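Peer 1: Sharing a structure below in C-alpha cells format, with a few things to ask.
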Amino acid sequence: MTALLILLAIQAAAIVALLIQRTRRARAEQAVRESEERLRHVLDRSPAMLWTVRPDATPALDYINRTCAEFTGLPLEKLREEGWLEAVHPDDLDHVNGSYTRAIEARTGFLVEYRLRRADGAYRWLLATGVPEYGRDGSFAGYVGCDIDITERKDAEDRIRESRAALEVSHREIQHLAGRLIEAQDAERARIARDLHDDVSQQLAGLSIALSSLKRRMDEQHVSEDLNGDLRALHQRAATLAQSVRQLSHDLHPTVLRHAGLVAALASYCAELERSHGTVLTFSAQGDFTSIAPEVALSLYRIAQEALRNVIAHAGAQRATVRLLRTGDDAEITIADDGNGFDVARSLERGKGLGLVSITERVRLAGGTVSIVAEPQKGTRVRALIPTHARVTNGAGSAAADGARELTTS
Numbered sequence: 014m015t016a017l018l019i020l021l022a023i024q025a026a027a028i029v030a031l032l033i034q035r036t037r038r039a040r041a042e043q044a045v046r047e048s049e050e051r052l053r054h055v056l057d058r059s060p061a062m063l064w065t066v067r068p069d070a071t072p073a074l075d076y077i078n079r080t081c082a083e084f085t086g087l088p089l090e091k092l093r094e095e096g097w098l099e100a101v102h103p104d105d106l107d108h109v110n111g112s113y114t115r116a117i118e119a120r121t122g123f124l125v126e127y128r129l130r131r132a133d134g135a136y137r138w139l140l141a142t143g144v145p146e147y148g149r150d151g152s153f154a155g156y157v158g159c160d161i162d163i164t165e166r167k168d169a170e171d172r173i174r175e176s177r178a179a180l181e182v183s184h185r186e187i188q189h190l191a192g193r194l195i196e197a198q199d200a201e202r203a204r205i206a207r208d209l210h211d212d213v214s215q216q217l218a219g220l221s222i223a224l225s226s227l228k229r230r231m232d233e234q235h236v237s238e239d240l241n242g243d244l245r246a247l248h249q250r251a252a253t254l255a256q257s258v259r260q261l262s263h264d265l266h267p268t269v270l271r272h273a274g275l276v277a278a279l280a281s282y283c284a285e286l287e288r289s290h291g292t293v294l295t296f297s298a299q300g301d302f303t304s305i306a307p308e309v310a311l312s313l314y315r316i317a318q319e320a321l322r323n324v325i326a327h328a329g330a331q332r333a334t335v336r337l338l339r340t341g342d343d344a345e346i347t348i349a350d351d352g353n354g355f356d357v358a359r360s361l362e363r364g365k366g367l368g369l370v371s372i373t374e375r376v377r378l379a380g381g382t383v384s385i386v387a388e389p390q391k392g393t394r395v396r397a398l399i400p401t402h403a404r405v406t407n408g409a410g411s412a413a414a415d416g417a418r419e420l421t422t423s
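Printed below as a string of C-alpha cells:
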C-alpha cells in the first residue's frame with residue numbers, strides 16, 4: 014500500500030512537472046510570437062524601405078516591408094516578383110541592374126542612387142544600400158538592404174551646383190570686367206599723356222618762351238629790380254610746371270618704354286624716383302628683354318610702378334631694390350624694400366590695397382603668378398613671373414593663372 018502511494022505521488026509530480034514545462038513553453042512561444050510581431054510591426058512601419066534578396070543574379074526579392082508597397086502603390090507580391098523594376102525610371106534601369114549584377118558577382122556591398130516612381134506618379138530619388146549576407150556555414154545567402162528617399166538632398170545639391178555655376182559665371186564676368194578696366198585705364202593714360210605732351214606741354218613751352226622774351230625786353234628798358242625778380246620767379250615757376258607735366262606724361266605713358274625698351278624705362282623710372290623722393294633705389298636686369306611681347310613689357314613696368322608707389326607712399330623704406338630676370342620663356346620681376354611691412358590679406362579685405370589688386374590682376378591677365386610677402390618691420394617683397402610671349406587679354410586668363418596668387422603675411 015505504501016509503495017502504491019509512492020508510485021502515485023511520483024506520477025502526480027511528473028504530471029505537474031510536465032504541465033509546468035508545457036506552460037513555460039507556451040509562454041516562451043507566445044513571447045517569441047509577440048516579439049516577432051513587434052519586430053514585424055517595426056519593420057513594416059519603418060520610414061526606410063527594407064528588403065532582402067535571394068542569392069542569385071535576379072533582382073527578385075524575398076522580403077519587403079509595407080513601406081515599399083505604400084511608397085510605390087504596388088502590391089507586395091508584385092514587388093517581390095521583380096515588379097519593382099517597373100517603377101524604376103527608364104533612364105536609371107540599366108544603372109540599377111548593372112550595379113546589382115556587379116555587386117553580386119563580387120559578393121560585395123553596393124550603394125546606388127536612382128529614381129523610383131511614387132504612388133502619386135512623381136519620381137523620387139532613392140539611395141539604395143545593400144550588404145551581403147552569409148549563412149552559418151559561410152555560404153552566400155543574398156543581400157539585406159534598404160532604400161531611403163534623398164530627393165530633398167538631391168534638390169539641395171542641385172541648388173548648390175546652380176549657385177556655384179552662377180558664382181563662377183559672375184566671377185568670370187568680374188575678371189573680364191577687371192581686364193577691360195585695366196585696358197581702358199591704360200588707353201586713357203595714353204590719351205591723357207598724348208594730350209599733355211602735344212597740348213599742355215607745348216603751351217607751357219610757349220609761355221616760357223614768351224616770359225623769356227618779355228624778360229629780355231624789360232632788361233633793355235631797365236625796369237626795376239623787383240619787377241625783374243618777379244618775372245624771373247614767374248619764368249622759373251613755368252619751367253617747373255613744364256617739368257612736372259612732362260614727368261606726369263611720362264608716368265601715365267612712358268614713351269621710353271616703346272623707344273628704348275623695358276630695361277631702360279625701368280632704370281630711368283627708378284633713377285627719377287630716387288632723385289625726387291630720396292629713397293635709395295637699386296635696379297638690376299639680367300637676361301634679354303628686347304624680344305618680349307610689348308604687352309608683357311607694359312605689364313612688368315606697371316607692376317614695378319604700382320609696387321614702388323606703395324614703397325614711397327606707405328612703406329617708410331630707406332632702401333628698395335628692383336630686379337628683372339629673364340629665364341627661358343619667363344620674365345621675373347622682384348620689388349623688395351626694408352620698410353614697415355603690412356597685413357596683405359587685411360589690406361585687400363578692407364579695399365585699401367588697390368595697387369596690390371592691380372598687380373595681381375595684371376599678372377593674372379598675363380597668365381603668370383604673383384607672390385606678395387610682407388613681414389612687420391622687415392619690409393615687403395613682390396615677385397611676379399610672366400610668360401614673355403603671353404598675350405595679355407581681358408578675359409578670364411588661363412586656368413593656371415586663376416589660382417596662382419599667393420599672399421603671405423609673416
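Taking the numbering used here, the leading residue of the sequence shown gets 14, the next gets one more, and so forth. In this text, a Cβ means the ideal position worked out from N, Cα and C, and glycines have one as well. Please read these numbers as outputs of a predicted model, since none were measured by experiment.
1) Keeping to the same chain, check which residues put their C-beta closer than 8 angstroms to that of L247; ignore five residues upstream and five downstream.
2) Rounded C-beta distance between T424 and T295? I'm assuming under 8 angstroms.
3) In angstroms with no decimal places, state the Cα-to-Cα distance between A397 and I305.
4) From V395 to A273, what distance separates their C-alpha atoms?
5) How about A320 and D351: do their beta carbons lie closer than 8 angstroms?
6) For a test of the three-state rule: what should DSSP assign to R149, helix, strand or coil?
7) Am I right that D168 and M62 are in contact with their C-beta atoms under 8 angstroms? What's the rounded C-beta distance?
8) By DSSP's criteria, W97 is part of a beta bridge. Which residues make up the other side?
9) Could you give the first and the last residue of the continuous alpha helix (DSSP H) run that contains P389?
10) Out of curiosity, what's the CA-to-CA distance linking C81 and E90?
11) Going by DSSP, what residue range makes up the alpha helix (DSSP H) through R79?
12) Can you list the alpha helix (DSSP H) stretches of 4 or more residues lying completely in the region 260 to 348, in chain order?
13) Identify which residue in A154, E181 and R130 has its Cα closest to the Cα of T164.
14) Indicate whether the contact test is met: 3 or more Cβ pairs, each with one atom in the region 372 to 382 and one in the region 308 to 322, closer than 8 angstroms.
15) Is the beta carbon of G155 closer than 8 angstroms to that of T142?
16) How should G368 be labelled, buried or exposed, when 16 other C-beta atoms within 10 angstroms of its C-beta is the threshold for buried?
17) At which residues does the beta strand (DSSP E) containing R128 begin and terminate?
18) Three-state secondary structure (DSSP) at T15?
19) So, helix, strand or coil for P103, using DSSP?
20) One question on the structure: do R336 and G300 come within less than 8 angstroms of each other, judged by their Cβ atoms?
21) Please list, in chain order, all residues of the same chain as E287 whose beta carbon is under 8 angstroms from its beta carbon, the five residues on each side excluded.
22) Does DSSP classify D171 as helix, strand or coil?
23) In whole angstroms, what separates the C-alpha of R38 from that of I28?
24) Output the distance between the C-alpha atoms of S411 and R185, rounded to the nearest integer angstrom.
25) Helix, strand or coil, according to DSSP, for D75 in the structure here?
26) Within this structure, are the beta carbons of A73 and L87 separated by less than 8 angstroms?
27) Using three-state DSSP, classify I161 as helix, strand or coil.
28) Tell me where the beta strand (DSSP E) around T65 begins and ends.
29) Counting only the same chain and skipping the five closest in sequence on each side, list residues whose C-beta sits under 8 angstroms from that of R322.
30) Apply the 10 Å Cβ neighbour rule to G416 and answer buried if 16 or more other Cβ atoms are within range, or exposed otherwise.
31) Compare the beta carbon distance of D162 and Y127 with 8 angstroms and say whether it is the shorter of the two.
32) Between A116 and the rest of its own chain, which residues show a CB-CB distance below 6 angstroms, the 5 nearest in sequence each way excluded?
33) Can you give me the Cβ contacts of L92 inside the same chain, cut-off strictly under 8 angstroms, excluding the 5 residues immediately before and after it?
34) Taking 6 angstroms as the limit between beta carbons, can you name the residues of its chain near L140, skipping five residues before and five after?
35) What three-state label does DSSP hand A26 in the structure shown?
Peer 2: Once the coordinates are examined:
1) Result list for L247: L224, in chain order.
2) Any question about residue 424 goes unanswered here, given that the chain covers just 14 to 423.
3) Here the C-alpha atom of A397 lies approximately 15 angstroms from the C-alpha atom of I305.
4) If I take the Cα positions, the gap works out to 25 angstroms.
5) Cβ atoms of A320 and D351: not closer than 8 angstroms.
6) Three-state result, R149: coil.
7) Taking the Cβ atoms as the reference, D168 lies roughly 20 angstroms from M62, outside the contact range of under 8 angstroms.
8) W97 is not bridged to any residue.
9) Looking at the DSSP string, P389 is not in any alpha helix (DSSP H), and its letter there is neither H nor E.
10) Rounded to the nearest angstrom, the two C-alpha atoms are 11 angstroms apart.
11) Here the alpha helix (DSSP H) through R79 covers R79 to T85.
12) Scanning the region 260 to 348 for uninterrupted alpha helix (DSSP H) segments of 4 residues or longer gives 268 to 273, 275 to 290 and 307 to 323, listed from N- to C-terminal end.
13) Minimum Cα distance to T164 is reached at R130.
14) Output reads yes: the region 308 to 322 touches the region 372 to 382.
15) Result no, Cβ atoms of T142 and G155 do not sit closer than 8 angstroms.
16) With 16 or more Cβ atoms within 10 Å of its Cβ, G368 is classed as buried.
17) For R128, the enclosing beta strand (DSSP E) stretches over residues F123 to R130.
18) Helix at T15.
19) Residue state for P103 is assigned as helix, using DSSP reduced to three classes.
20) Not closer than 8 angstroms, so no.
21) Here the set comprises V293 and L294.
22) Residue state, collapsed to three classes: helix.
23) Each residue's alpha carbon lies about 15 angstroms from the other.
24) Low local confidence applies: a pLDDT of 38 at S411 is under 50, so the model's placement there is unreliable, and no value is given.
25) In the three-state reduction of the DSSP assignment, D75 falls in the strand class.
26) When the beta-carbon positions are compared, A73 and L87 stay at least 8 angstroms from each other.
27) Secondary structure at I161: strand, using DSSP grouped into helix, strand and coil.
28) For T65, the enclosing beta strand (DSSP E) starts and ends at M62 to V66.
29) Excluding positions up to five away in sequence, the list reads G368.
30) In this predicted model, G416 has a pLDDT of only 38, less than 50, meaning its place in the structure is not dependable; the value taken from the coordinates is given anyway. In summary, G416 is exposed, with fewer than 16 beta-carbon neighbours lying within 10 Å of its beta-carbon over all protein chains present.
31) Result no, Cβ atoms of D162 and Y127 do not sit closer than 8 angstroms.
32) If the five residues before and after A116 are omitted, its C-beta is found closer than 6 angstroms to the C-beta atoms of F123, all from its own chain and listed in chain order.
33) Taking C-beta separations shorter than 8 angstroms and ignoring five residues to either side along the sequence, the partners of L92 in its chain run L74, I77, C81, A82 and T85, following chain order.
34) Hits under 6 angstroms: E126, I161 and I163.
35) Reduced to three states, the DSSP call for A26 is helix.
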